[in-house]
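Peer 1: To convert a position in the sequence shown, counted from 1, into the working numbering, add 1122.
The C-beta atom is built at its ideal place from N, Cα and C for all residues, glycine as well.
First the structure, then my questions, so here it is.
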Amino acid sequence: MKRPLLLTSLLWLVCVAIGQATDKPNIVFILADDMGFSDLGCYGGEIATPNLDGLAADGLRFTQFYNTARCWPTRGALMTGYYAQEIHRDGLPGLGGGGQGIRQKWARLLPDYLKAAGYRSYHSGKWHIDGPVLESGFERSLDMRNQGNFFTAAGNRLDDQPIAVPADESGYYATTAVVDHAVDCLKGHAAAHAGEPFFHYIAFIAPHFPLQAPPADIAKYRDRYLEGWEAMRSARFARQQKMGIVNTTLSALEPDIGPPYDFPDAFEKLGPGEINRPLPWASLTDEQRRFQATKMAIHAAMVDRIDVEVGRVIEQLKTMGTYENTLILFGSDNGASAEI
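Shown next as structure tokens:
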């Protein structure tokens, strides 16, 4: 079996220590979706992520981090402390499980254990774990179920109830909405439960496809990737070597490996600028290069926006006077995805 998630081990070690501590730290766990290992500035990326870079500078970075990739296995493992296969949250031959798998009753989630130590728990963002959120130990929840459109709240749930979608959603963006809810929870906790420690699980949908971001964010990176993915890849790797994050050689590109699924409808909609393999940049048409550079710019904008919103969480913690006594962890459910 694969080794357990390092972050899972850390979280559960924290729980043990918390049970014995008199001054209990708050915990904020932030999870991105399909973010690449080298996307953040503190991991060699060219994307502007000053808030996360600041956390890394004052904390520590994992450089040998492994998980059971895909959305539901990672989330199930993180919240229970068990291998995803063991709790039916990842498929095994002859045993079923996977995205529709149901956990056993003994596979309780982290908030249940933290509650015994006096914690209140909040959830903002993607869930992708079986069962209602509030029945899993959380006091409040925004369940972001709509992953197909970042510009509407339709399909999402607030405290396990269908959310009321306003007639005018202009200005709505899912990544910002996640932190709007998180900040509201933090303010509510400060007002009514200031003497109690809290655990806040903030799970962004971004930068999971579809590639969608506010135009102003995209504009920051519009022409940044016209040099092509080979140049970007080499530059990132060089920065990682300089930072001491990696001590190896850069592997060769694999032009025959693409998305794990067939997307014929998407190809028809996206038009002649789309390709489904990392072909040599020089071999692409001008239209393809521009289209692929724009896709990379949108991905960068989505990561950039995550960082901006993390900054709002940090600011709220400082306003509450709890920043110095808060353990902040950031991770991704898996690495970058080849899916469109």
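1. Excluding the five sequence neighbours on either side, which residues of its own chain have a C-beta within less than 7 Å of the C-beta of Pro1233, listed in chain order?
2. Nearest-angstrom Cα distance between Gly1443 and Trp1403?
3. Looking only at C-alpha atoms, which of Pro1195, Ile1436, Val1305 sits nearest to Asp1455?
4. Looking only at its own chain, which residues have a Cβ that is under 6 Å from the Cβ of Leu1308, when we skip the five neighbours before and after it?
5. Can you tell me whether Pro1284 is helix, strand or coil according to DSSP?
6. Apart from the five residues just before and just after Tyr1204, which ones in its own chain have a Cβ nearer than 7 Å to its Cβ?
7. Please classify Ser1246: is it buried, with 16 or more other beta-carbons within 10 angstroms of its beta-carbon, or exposed?
8. Hey, is the segment 1265-1272 in contact with the segment 1284-1297, meaning 3+ C-beta pairs nearer than 8 Å?
9. Return the chain-ordered list of same chain residues with a C-beta closer than 8 Å to the C-beta of Arg1125, the five sequence neighbours on each side being excluded.
10. With DSSP run on the structure shown, which of helix, strand or coil describes Ile1154?
11. Just checking my contact of Gly1380 with Ala1458 at CB under 8 Å: how many whole Å lie between their CB atoms?
12. Mind reading off the beta-carbon distance from Leu1162 to Asp1175? Whole number of angstroms is fine, and I expect it under 8 Å.
13. Find the nearest neighbour of Asp1339 within the set Arg1183, Arg1361, Tyr1165, Val1425, judged by alpha-carbon distance.
14. Start and end of the beta strand (DSSP E) containing Ile1420?
15. When DSSP labels each residue in this structure, what does His1322 get in the three-state scheme?
16. Reducing DSSP to helix, strand and coil, say where Asn1369 ends up.
17. According to the neighbour-count rule (16 or more other Cβ atoms, all chains shown, within 10 Å of its Cβ), is Lys1248 buried or exposed?
18. Could you give the distance in angstroms between the alpha-carbon of Leu1127 and the alpha-carbon of Met1201?
19. Out of His1421, Phe1331, Met1365, which one is the CA nearest neighbour of Asn1268?
20. Could you tell me the alpha carbon to alpha carbon distance between Arg1344 and Asp1408, rounded to whole angstroms?
21. What's the C-alpha gap between Met1123 and Arg1183?
22. Report back the beta-carbon spacing between Gly1166 and Gln1362 to the nearest angstrom; my notes put them in contact at under 8 Å.
23. Residue range of the beta strand (DSSP E) that Tyr1244 falls in?
24. Less than 8 Å between the beta carbons of Met1266 and Val1300, yes or no?
25. Buried or exposed for Lys1440, going by 16 or more other Cβ atoms inside 10 Å?
26. Identify whether Leu1451 lies in helix, strand or coil by the three-state DSSP scheme.
27. What residues match up with Ile1149 in a beta bridge as DSSP calls it?
28. Just reading off the alpha helix (DSSP H) that Leu1200 is part of, what are its end residues?
29. Buried or exposed, going by whether 16 or more other CB atoms sit within 10 Å of the CB of Ile1251?
30. Would you mind working out which of Ala1415, Lys1364, Lys1391 sits nearest Glu1352, comparing C-alpha positions?
31. Taking its Cβ as the centre, do 16 or more other Cβ atoms sit within 10 Å of Asp1290, making it buried, or is it exposed?
32. What's the gap between the Cα of Arg1358 and the Cα of Gly1240?
Peer 2: Answer, in terms of the structure:
1. Counted from its first residue, the sequence shown places residue 1233 at position 111. So the list reads Ser1243, Ser1258, Gly1259, Phe1260, Phe1321, once near-sequence residues are dropped.
2. Taking the first residue of the sequence shown as position 1, residue 1443 is located at position 321. Taking the first residue of the sequence shown as position 1, residue 1403 is located at position 281. The alpha-carbon atoms of Gly1443 and Trp1403 are separated by roughly 50 Å.
3. The sequence position of residue 1455 within the sequence shown is 333, counting from 1. Closest by alpha carbon: Pro1195.
4. Within the sequence shown, numbered from 1, the residue matching residue 1308 stands at position 186. Gln1438.
5. For the purposes of this step, residue 1284 is taken as residue 162 along the sequence shown, with counting starting at 1. The answer is strand: DSSP assigns Pro1284 an E or B state.
6. Indexing the sequence shown from 1 puts residue 1204 at position 82. Contacts found: Ala1229.
7. As a working mapping, residue 1246 is identified with position 124 in the sequence shown. So Ser1246 counts as buried.
8. yes
9. Translated into positions along the sequence shown, residue 1125 becomes position 3. Because Arg1125 carries a pLDDT of 34, less than 50, the predicted location of this residue cannot be relied on, and the following value inherits that uncertainty. Tyr1188, listed in sequence order.
10. In the sequence shown, the residue the question calls residue 1154 occupies position 32. Per the sequence shown, the amino acid found at residue 1154 is Ala instead of Ile. Strand.
11. Taking the first residue of the sequence shown as 1, we reach residue 1380 at position 258. Taking the first residue of the sequence shown as 1, we reach residue 1458 at position 336. The beta-carbon distance between Gly1380 and Ala1458, rounded to whole angstroms, is 13 Å. This is too long to meet the 8 Å contact definition.
12. Translated into the one-based positions of the sequence shown, residue 1162 becomes position 40. Translated into the one-based positions of the sequence shown, residue 1175 becomes position 53. Rounded to the nearest angstrom, the Cβ distance from Leu1162 to Asp1175 is 7 Å, consistent with a contact under 8 Å.
13. Along the sequence shown, one-based indexing puts residue 1339 at 217. That would be Val1425, whose Cα lies nearest to the Cα of Asp1339.
14. For the purposes of this step, residue 1420 is taken as the residue at position 298 of the sequence shown. That residue, Ile1420, is in no beta strand (DSSP E); its alpha helix (DSSP H) goes 1408-1442.
15. One-based indexing of the sequence shown puts residue 1322 at position 200. In this structure, His1322 counts as strand in the three-state DSSP scheme.
16. For the purposes of this step, residue 1369 is identified with residue 247 of the sequence shown, where counting begins at 1. Looking at Asn1369 - three-state DSSP - the assignment turns out to be coil, as it is neither helix nor strand.
17. Here residue 1248 refers to the residue found at position 126 when the sequence shown is read from its first residue. That one is buried.
18. Working through the sequence shown from its first residue, we reach residue 1127 at position 5. Working through the sequence shown from its first residue, we reach residue 1201 at position 79. Because Leu1127 sits at a pLDDT of 42, beneath the cut-off of 50, its placement in the model cannot be relied upon, and the point is left open.
19. In the sequence shown, counting from the first residue as 1, residue 1268 sits at position 146. Selected option, being the one with the closest Cα: Phe1331.
20. Numbered from its first residue, the sequence shown carries residue 1344 at position 222. Numbered from its first residue, the sequence shown carries residue 1408 at position 286. Their backbone Cα atoms lie some 15 Å apart in a straight line.
21. Here residue 1123 refers to the residue found at position 1 of the sequence shown. Here residue 1183 refers to the residue found at position 61 of the sequence shown. Confidence is the limiting factor: at Met1123 the pLDDT is only 30, short of 50, which leaves the residue's position unreliable and the question unanswerable from this model.
22. As a position in the sequence shown, residue 1166 is number 44, starting the count at 1. As a position in the sequence shown, residue 1362 is number 240, starting the count at 1. Confirmed, Cβ separation roughly 4 Å.
23. Looking up residue 1244 in the sequence shown gives position 122. First-last of the beta strand (DSSP E) with Tyr1244: 1242-1247.
24. By one-based count along the sequence shown, residue 1266 stands at place 144. By one-based count along the sequence shown, residue 1300 stands at place 178. For Met1266 and Val1300, yes; Cβs fall inside 8 Å.
25. As a position in the sequence shown, residue 1440 is number 318, starting the count at 1. Here Lys1440 is exposed. Its C-beta has fewer than 16 other C-beta atoms within 10 Å.
26. Within the sequence shown, residue 1451 is the residue found at index 329, counting from 1. If DSSP states are grouped into helix, strand and coil, Leu1451 belongs with the strands.
27. As a first step, residue 1149 must be located in the sequence shown, where it is residue number 27. In the DSSP output, where bridge partners are listed per residue, Ile1149 has Phe1321, Leu1449.
28. As a working note, residue 1200 is residue 78 in the sequence shown. Residues 1193-1202.
29. Within the sequence shown, residue 1251 is the residue found at index 129, counting from 1. Under this definition Ile1251 is a buried residue.
30. Stepping through the sequence shown from its first residue, residue 1352 is reached at position 230. Ranking Ala1415, Lys1364, Lys1391 by Cα distance to Glu1352 puts Ala1415 first.
31. Locating residue 1290 in the sequence shown gives position 168, where the first residue counts as 1. Classification of Asp1290: exposed, given that the 10 Å Cβ count is below 16.
32. The residue labelled residue 1358 in the question sits at position 236 within the sequence shown. The residue labelled residue 1240 in the question sits at position 118 within the sequence shown. Between Arg1358 and Gly1240, the C-alpha separation is close to 43 Å.
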